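Enquirer:
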Amino acid sequence: MKRLILIAIALLLLGSMGYFAMQNSHSVTLNLYGNFSIQLSVWMVLAGSFVAGWAVTELWQFVSHPQRFVQSFLGKFSRYKDNKKLQKTQDFENASLLRDPKQVRKSFSKLDKPETPLSVRVQYLELLRYEKNAEELLHSYAELRNKYQGNLQVLLPYLKLTCKLSEWDLAERLSHEILRITPGHPDALAGLRQVNIARENWVACIEQEKELLSNYNGSLITYNVKQEHEEHLQKAMRQDPKFLKNWSFRYLPQKRDKTNDKPFEAIGEANQLQKSGMFLEAAKVLKKAFENTANPELLEALEGVYRQSGTEVQILSIIGAIHNSRQRAIPASLLYAKLLYQNNQLEEASKVLGQVNISATTMDQKAYPAAKNKGTQLNEKWSELNHAIRFLIAIRQERSEDALTEAKPLLREDKILK
């Protein structure tokens, strides 16, 4: 009701002013005192009336409700500041999306105040990679880390940068710092995993992978982890054969056959014996494991033990025993022939090769049960070794026709021109 009365009064005043304006050529004369008068345009009177009305209204609000008036004023001022700050932030965001260094610096200079959010500072620091080199960027992150100690907004992008630059010592410290703040943090675990892969510390690596797969299996962060986990388990067994003795694989979606671990455990045990100078014992461990699993990787390890031992005759005899066993394996026979040839025992090497009948159909397909798809590669590898040894022996014995026959499979046209 009050509003209707005010509107009616305002309309009445406007109508009166319009009438006087028409009578006085759109102007109003105000007699102040005596003969002193002022002639004003009607529009100036209208504008002045509105301003005066607004001022009277605000004054009345201030007099009647001073606290509410002050709060309203401060609220309007605060909204003005927020809108202005939002516009500056938006300008900075647009410049960062355009990757315009000049505009980024200009926009950030307007935001660079003590109350500027840390997220904006970190975003600005990340954009400096388009201007600063690696050393300068690391130094900038170190300064921000010292200023905001224990803040994940700084530590997480700092860790990501150190991993990208292969600063593994620093990455390890940052990962442990994050884990102290937030135990089990996935980014810190992933960072430690990268550190251990770079250092070839496979035992520690699979511990991080186990925790990641237990908590984040099926997510994008564990995609590469899941793909590489089996290979890393095998490498961990080579470093510490007893590490997985009480290891639980419940975190894996599918049941894992532990019988395939025997060759890698044997390699790990042989490595430990080899480091202690017990080459003969290491060779016996590998021989026994090969007789049980027929894994060619054990033969590669056995050859390594033989060479590290200084071509120990007893180890060569162990390889010969595998060749002469009832369960004769073609890779073992070829390795034995290769070592005999390298020891200038050509007749013995020829005799061994005479007992080998290698072909894609007769090759032992159980040679690598953990990787069935590698059967063709293994056949080709050992087939080439067979022809290479025969070729070299024929050359040494000056049998040119036999040498030419053995050279043909090694120089196939499809292999040379592929």
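Per the working numbering, the very first residue in the sequence shown carries number 154; after that it's consecutive. Think of the CB as a built atom: it goes at the ideal place given N, C-alpha and C, for glycine as much as any other residue. On a predicted model such as this, the values are computed, not experimentally measured, just so you know.
1. Would you kindly work out how many angstroms separate the C-alpha atoms of I475 and L506, rounded to a whole number?
2. Measure the Cβ-Cβ separation of K415 and A454 and say whether it is below 8 Å.
3. What residue does the alpha helix (DSSP H) around S328 start on, and which one ends it?
4. Once DSSP output is grouped into helix, strand and coil, what is the label at E450?
5. Alpha carbon to alpha carbon, how far is D265 from F245?
6. Verify whether the separation of the beta carbon atoms of A502 and Y494 is less than 8 Å.
7. So within the region 350-438, which uninterrupted beta strand (DSSP E) runs reach at least 3 residues, ignoring any that extend past its ends?
8. I think L451 touches I420, with their Cβ atoms under 8 Å apart; what is that distance to the nearest whole Å?
9. For R258 and L239, I'd like the C-alpha separation in whole angstroms.
10. Exposed or buried, A287, counting other C-beta atoms within 10 Å across all chains shown (16 or more means buried)?
11. Am I right that P406 and N377 are in contact with their C-beta atoms under 8 Å? What's the rounded C-beta distance?
12. By the DSSP assignment, the alpha helix (DSSP H) with H338 in it spans what residues?
13. When you compare the CB positions of N350 and L386, do they come within less than 8 Å of one another, or not?
14. I need the boundaries of the alpha helix (DSSP H) containing R298, first residue and last residue.
15. Give me, in chain order, the residues of the same chain whose beta-carbon lies closer than 7 Å to that of E418; leave out the 5 immediate sequence neighbours on both sides.
16. If I measure Cβ to Cβ from A556 and keep anything under 7 Å in the same chain, skipping five residues before and after, which residues do I get?
17. Using a 10 Å radius around the Cβ and a threshold of 16 neighbouring Cβ atoms, would you call T375 buried or exposed?
18. To which residues of the same chain is S217 closer than 7 Å at the C-beta, ignoring the five residues directly before and after it?
19. Could you tell me how far apart the beta carbons of L563 and E537 are, in whole angstroms, since I believe they sit closer than 8 Å?
Expert: According to the structure shown:
1. Sequence index remark: in the sequence shown, residue 475 carries index 322 (1-based). Sequence index remark: in the sequence shown, residue 506 carries index 353 (1-based). Distance between the alpha carbons of I475 and L506 is about 14 Å.
2. Looking up residue 415 in the sequence shown gives position 262. Looking up residue 454 in the sequence shown gives position 301. Not in contact: K415 and A454 (Cβ atoms no closer than 8 Å).
3. Looking up residue 328 in the sequence shown gives position 175. Element bounds for S328: W321 to I334.
4. Here the question's residue 450 lines up with position 297 in the sequence shown. Correct three-state label for E450: helix.
5. As a first step, residue 265 must be located in the sequence shown, where it is residue number 112. As a first step, residue 245 must be located in the sequence shown, where it is residue number 92. Annotation: D265 to F245 spans about 11 Å, alpha carbon to alpha carbon.
6. By one-based count along the sequence shown, residue 502 stands at place 349. By one-based count along the sequence shown, residue 494 stands at place 341. Closer than 8 Å, so yes.
7. Listed in chain order, there is nothing to give.
8. For the purposes of this step, residue 451 is identified with residue 298 of the sequence shown, where counting begins at 1. For the purposes of this step, residue 420 is identified with residue 267 of the sequence shown, where counting begins at 1. Between I420 and L451 the Cβ distance is about 7 Å, and since that is below 8 Å, they are a contact.
9. Mapped onto the sequence shown, residue 258 falls at position 105. Mapped onto the sequence shown, residue 239 falls at position 86. In this structure, the alpha-carbon of R258 lies about 17 Å from that of L239.
10. Numbered from its first residue, the sequence shown carries residue 287 at position 134. That one is exposed.
11. Residue mapping note: residue 406 aligns to position 253 of the sequence shown, counting from 1. Residue mapping note: residue 377 aligns to position 224 of the sequence shown, counting from 1. Contact between P406 and N377 is ruled out by a C-beta separation of about 16 Å, above the 8 Å threshold.
12. Counting from 1 along the sequence shown, the entry for residue 338 is found at position 185. For H338, there is no enclosing alpha helix (DSSP H), as DSSP marks it with neither H nor E.
13. On the sequence shown, position 197 is the one that residue 350 refers to. On the sequence shown, position 233 is the one that residue 386 refers to. Asn is not the amino acid found at residue 350; the sequence shown has Ile there. Note that the C-beta distance between I350 and L386 is not below 8 Å.
14. Taking the sequence shown and counting its residues from 1, one reaches residue 298 at position 145. Segment A287 to K300, the alpha helix (DSSP H) holding R298.
15. Here residue 418 is taken as the residue at index 265 of the sequence shown, counted from 1. Excluding positions up to five away in sequence, the list reads M390 and P394.
16. If you number the sequence shown from 1, residue 556 lands on position 403. Sequence-distant partners of A556 (beyond 5 residues in either direction) whose C-beta falls short of 7 Å from its own C-beta, in its chain, are F544, A547 and I548.
17. In the sequence shown, the residue the question calls residue 375 occupies position 222. With 16 or more Cβ atoms within 10 Å of its Cβ, T375 is classed as buried.
18. Counting from 1 along the sequence shown, the entry for residue 217 is found at position 64. The answer is none, since no qualifying residue turns up.
19. Locating residue 563 in the sequence shown gives position 410, where the first residue counts as 1. Locating residue 537 in the sequence shown gives position 384, where the first residue counts as 1. Approximately 6 Å separates the beta-carbon atoms of L563 and E537; this is inside 8 Å, confirming the contact.
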